[in-house]
Every structure is written in structure tokens, then in C-alpha cells.
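Right, one structure below, let's go through it.
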Amino acid sequence: MAILIESALPLSVSGVVVAPFFIGEGEVVESAFPAVATIWYFFSCITLRVFMMEIEQTPQHGPGSQSSADLADRCPSEILQLVFSMAVEATCKDIDLAEETHIRVTIRYCSQVCRSWRFAARGYCPLWVYAIDFQRDSPETIGDLLRLSGSCTIRVGHRASPLCVRSRSDLRVLDLLKDHILRIRELNVEFTTDHNVLYDASWILRHPRAPLQVETLRWFGPMFCQESGASFGDEIHPILALRKLDLRNTDFQPLHHIPLSQLSELAIRQFVSAHRLAAAEWLEVLRFTPHLRFLSIQDAIALQHNPFPLTTQHAHLSNMQVVSLGDSNSMDSLLSLFEHINIPSKCGVQLRLPPSSKYSPPNFFQFFAVRLLSLVTHFCPNGRNTPPVELTIRPGAEYPLALGTVPNPDVTLDWNHPSYDEKQTSKYLATTRFPPFSISLKTLTGTDHYNAIYLLTALLTKIEKLNITFDASQDANSLSSQYLARLKPLFREIFHQTRKVKTLTLNEGAIIAVLPAINDRFTEEYVHAPNTANPGAGVITQLRKVPYLPALSTIELSDPDMALSQVASGSLSGFVKWRRSIRYLVRANFGSARSAARHGIIGPNMLYHLASR
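FYI, the numbering for the sequence shown is -15 to 597, going by this note's numbering.
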């Protein structure tokens, strides 16, 4: 019985020239995407060279000649299946969503070219594993494709696009997967409707005959329904192959039931309050994860004062590469857990802290500062080189204050992000250079920014590069004078610590907010000067006035091709002119500044200093 395959539009490809070929039953097929172009090339140049020679030698006798269908039947199915396998070969094990969609479209087009291609495709089980679209195909089509795929392993959903359960049809798809649970290697599911209250998903963690072979489990939403009477107990069969576990907004704690000895990535986010683990329980879990490389625990620690006794043993995580801890309610539990895990010095750290009103006693701050700054000692043992610091003001941030050494944490720490690249992350983790130290503030009210300065004083006094960014969602030109006035004490406090900064990188919003705060402003510092009154007495210490950032020599734009607005260019040119008047010259290093000057965006004073580079 023929299977009904939904049609799909071919992907557009630029720069691909494909000639038509006569295939099978006399059809003229023209490739519209690279994978099929590969098939045509393989067909014409290598595999069917002899076959095409036979066609050329066949005399043409009009209607009575040998039919093209008979000629097509001479091509063995094994050759076509080899071509199919080459066409759908993935570039890596963890492909992105675009490549997965491209492979699916390729399979469905190849399987509908002609009779011989359809016959070869239906007899090739590995092909149909990649053709299943669990989100858009009907349950009947999915069931047929599961049968065609034989016993090949299955990946349900994608890390960037999980299977969203929002209808009874989606629940039927999950029911179909019950009979194929031993074939599933990756499961990505997200509940988005109230249908989950009637659904028992306990089959994901148990099987009566054999251990499950799931390697990646991402589950967003309730894990099972208590009202249905589902109970795990002793029926759970261990998932021995589990490598990656990501749970969000769930009410079930599989950490007590799943062996985690082989786990390499663990991400837990927003456990239901009644099911959150205490810090001591988390520590016990981490003791049994010797291969763990990535750890992210966000709002999943139970609120508890003095969570650890003094005799508590630490968890040693020697393979850890990135740790991200965050909590919006309690500093005690968060820092207590962080204090009791031993990680390598080069391990990337990202800590998202609660509001300042929920901070812990100062002794925690002292440990916090020492722990983070130990990274500086690891990467800069001689003390000569220091990491750059990235300060971001982000009004829409989820946490008031975030500190860490993870570049682009929104992508690096989210393994479900469409832009996540495991190879690039591993490359960063293998580097011997110190990554930028990031500081993210949600608001500038309260004491959050002062706490950040307190924690990083030892680092701020040494850095030579500082990057300040205002969130792109905030219109730089709409910053009110009252808002800018509230920013000035913050930046002056920061710049009072960063006296060695030589390079300042700003975006447009930061130019408008930062430079006026320190323009025409001085601070005091102690300097050593010769004792002119008594030359034999050596040097004396004097107090003198200097501008903020006295060592500053270069201002760079975060986006060199950005054309500055009139407000930003006025702030920048005024600051450069003032620094020149007091003989603390600053060079503006902008990629498109001359073009901007021709359009009147940057004035002639700014252009003069650019020409002096």
C-alpha cells in the first residue's frame, strides 16, 4: 500500500547550476537544492556510467523500442539507497534545525521522483527515520513512517524546536511512541496546554523488558499526572545511556530515580516550589556525576537558611567546564551550594543573583569574590595581563545582577538555543586565554551595582579594557535627563576603581549615558614626585587632580559600522575636545566615522582627532 507523503517546497539555493536528467519513467527532473544536485552528479559521473552507456547503445525504433521504465529497473536498489544515504548525511551528530529540515525535504523529494526511486526508498529503513515530522505529520502518517523505519533509532523533536503537546492529536503521537521507546535516543517534549493533566508520561522512564537507551531527555512541563494514579515506585528501569538532561517547570524529581553516572550536561530550571531540592540534596546528586561538564541550576533550590553543617564534604567535579547557578529568592542556598562544589580553576562561571534585599551576610560576599577572582590567578599568574570587563545594563533582564566569565551567556548556557554551537563552546573552553568578565545589571536603583563593585574591586583596579553596553531594546535617544542623572554616580564609582583602563568600548546608548557623566569631571589620586625642596630626600607623595580614566587612550564603538546619531556624536566630540584641552588625549577608533562626518553625524572636531591616528 502506497504511503501518502505531504508535499514540501524545495529550498532555494544560490549558485547551484543543475542540468536536467532523464530518470526512470521518462521524467525530466531538475534539482532545486544541493542534496539532490549531489545525487545527479553522483548518478552521471560515477555510479551509472555503464548504465548510461547501455542507454546510448540502445537503438531507437520509435514506439516499439524498449521502454524507459524497463531501463530504469536495471538500476539496482542498493545503488539508489547508497546515493540516498549520501544525500542525507548529517554534518555533525547534533545538527541544527535548518539542516534537519533540509534533510527531511530532501528525503521526501527523492522518494517521489519515479517508481524505481519510490521502491528503493521504501525498502531502505534508515532513510525514513529522518523523514518523520512529529509536529506536523498526522498520527497515521507517523505510524506508517515508524513502521517503514524498522528498528532504527529515533530522535523526537529538536533542541531548538521540541514537540509541543497542545492538542489530543499530539497526545496520540506520544502514545504511538510508547511502542518504540527502546528505539528513542533523543526526546524533546514541551507541554503547552492543559491536556497534560490527563496524561501519564511515566513510560518515558520505565520499561518492563530492557533498560531504556535515551541519551538526551528534554522535558518542559509536568512529567506525569498524580490524579491518574501513575506511580513509579520500583517499576522504573534505569536509563543507563543518559548523557544530557534538561528539565523545566516540572513537578517530578527524576534525579532520585535515574542513574546520573554518565551524565555530561544537566540543566534544571524552575522546579515547582514543592518539589525543589534542598542545597544538601543537590550536593548529594552532584557527587554521583563524575563526568559532568555543563551544569545549570536556575530557581530550583529550596529556600533554606544554614543549609550545610560545618562538616559537610565537598563535591569534586574535576571535568566541569561551565557552571551556571541562579536564584531569584535566596542568596544563602545559592552561594552555599557554590561554596561546596570544587571545580577546576579554568571552569567558566555564571552566577545570577537575587535582589539586594535578599543578600546574605558579608562573609558570603568575601568567599564569592575570592572564588571568582581565582580565575584571574589561573589565567594571569604573573599579574601582567588582566581580562577585559563587559558591563551590560539590561532593563529586561530576568535577574537583577549576573556575574561570570562565560561569553554570550544567553546562547552558551542555553543548549536549546537555535544558535548554540557545541563545537564553538568546546573551542572556547579549551582556550588558554582569560575570557571577558561579564557584569549584567537589570536596574541602577538600590545597591545591586555597589555590590557588584564591591565583589570585583580587586579586578577593576587592574583591568585595561572595559566594554559598556546598554541593552539594544532601549532607545538611546529617549534616555531622559532624570534617568541619566541617576546613572552618573554609578559610572563615577566604577571609573574611580578603573584607573588603568586604556581602551573603552561603547555602544550608542553607553556613549550618551557614560561620557557626560565623566566629562569635565576630576578625581584625586596620590602620585610620587621628586622632592624639589630637598633633592637628597628622594620622592614625596602628593595629591593631585586627574580626570576619570586618566590612562584612557582609545574609545571604540562596539559596532564599527554604526552611524551615530546627533546626540551620541555630540557627547563623543565634546568629551574628546575636553580631554584634548587638559592634555589627556583620546583617540576615537571608529570604522565608519569619516562617512558619518560627511553626512553631518560627526562634527569637524571629531574628524580632526580621527585624522591624527
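Where a beta carbon is used, it is the ideal one built from N, C-alpha and C, also for glycine.
By how many angstroms is the C-alpha of residue j removed from the C-alpha of residue i?
i	j	result
A501	A535	17 Å
L375	S422	6 Å
P18	F68	At P18, the pLDDT of 46 sits below 50, so the modelled position is not reliable; the number obtained from the coordinates is stated separately. About 13 Å.
T525	L319	42 Å
E249	D283	17 Å
P544	P123	52 Å
R563	L337	37 Å
S599	V390	An answer regarding residue 599 cannot be provided, because it is not within the stretch -15 to 597 covered by the chain.
N303	H289	30 Å
H45	H164	Residue confidence is low: H45 scores 37 on pLDDT, short of 50, so the model does not pin down where it sits. No coordinate-derived value is stated.
Y568	I281	47 Å
S151	F454	41 Å
I452	Y183	49 Å
L196	I242	11 Å
D311	M70	47 Å
L276	L468	45 Å
K228	A251	8 Å
R131	S308	42 Å
A185	D78	25 Å
V269	V306	17 Å
C109	P393	40 Å
G127	V97	23 Å
L450	K162	54 Å
R505	L244	57 Å
Q297	T482	38 Å
L129	T200	22 Å
S145	T75	19 Å
R386	L247	Sequence check: residue 386 is Ala here, not Arg. Spanning the two alpha carbons is a distance of roughly 26 Å.
For residue i, count neighbouring Cβ atoms within 10 angstroms of its own Cβ and tell me buried if that reaches 16, exposed if not.
i	result
I566	exposed
D159	exposed
R202	buried
C94	buried
P328	exposed
L425	buried
N326	exposed
M207	buried
R143	buried
T273	buried
E83	exposed
L81	exposed
L224	exposed
Would you check if the distance between the CB atom of residue i and the CB atom of residue j is smaller than 8 Å?
i	j	result
S549	L490	no
F118	V140	yes
S61	G134	no
V373	L488	no
I539	N503	no
L599	I495	In the structure as shown, the chain begins at -15 and stops at 597. Residue 599 is therefore absent and cannot be evaluated.
V157	L111	no
L226	V198	yes
R169	I138	yes
L321	L267	yes
R167	F204	no
R528	V551	no
L471	A497	yes
T370	I447	yes
H599	F292	Limits of the chain in this structure are -15 at one end and 597 at the other, which puts residue 599 out of reach.
Of the choices the options, whose alpha-carbon is the least far from that of residue i?
i	options	result
G558	L499, V530 and K529	L499
D235	D121, R88 and F255	F255
L261	I285, L471, I242 and A442	I285
Q334	A552, L129 and F278	F278
R271	I281, A299, A258 and S257	A299
P384	M315, L321 and T441	M315
R99	K228, L64, P146 and D455	L64
N313	S257, L244, Q246 and S245	S257
E382	T441, P339 and L527	P339
P531	G493, V570 and P514	V570
K484	E509, K472, N435 and W101	E509
V354	T441, W101 and P379	T441
H86	I116, W101 and F103	I116
V113	I91, F292 and H480	I91
K330	P419, S317, D230 and L397	P419
A436	F475, Q466 and S465	F475
Can you check whether the C-beta of residue i is within less than 8 Å of a C-beta belonging to chain C?
i	result
L160	In the structure shown, chain C does not exist; there is a single protein chain.
Original post:
Which residue spans inside the segment 90 to 144 form an unbroken beta strand (DSSP E) run of at least 3?
Top reply: 138 to 140
Subject >> Segments of 4+ residues assigned as alpha helix (DSSP H) that fall wholly inside the segment 236 to 295 >> reply: Within the segment 236 to 295, the complete alpha helix (DSSP H) runs of at least 4 residues are 263 to 270.
**OP:** Counting only runs of 4+ residues fully inside the segment 144 to 180, write out the alpha helix (DSSP H) ranges in chain order.
**Re:** 152 to 162
**OP:** Could I get the ranges of all uninterrupted beta strand (DSSP E) runs contained in the segment 320 to 344, with 3 residues as the minimum, in chain order?
**Re:** 332 to 337
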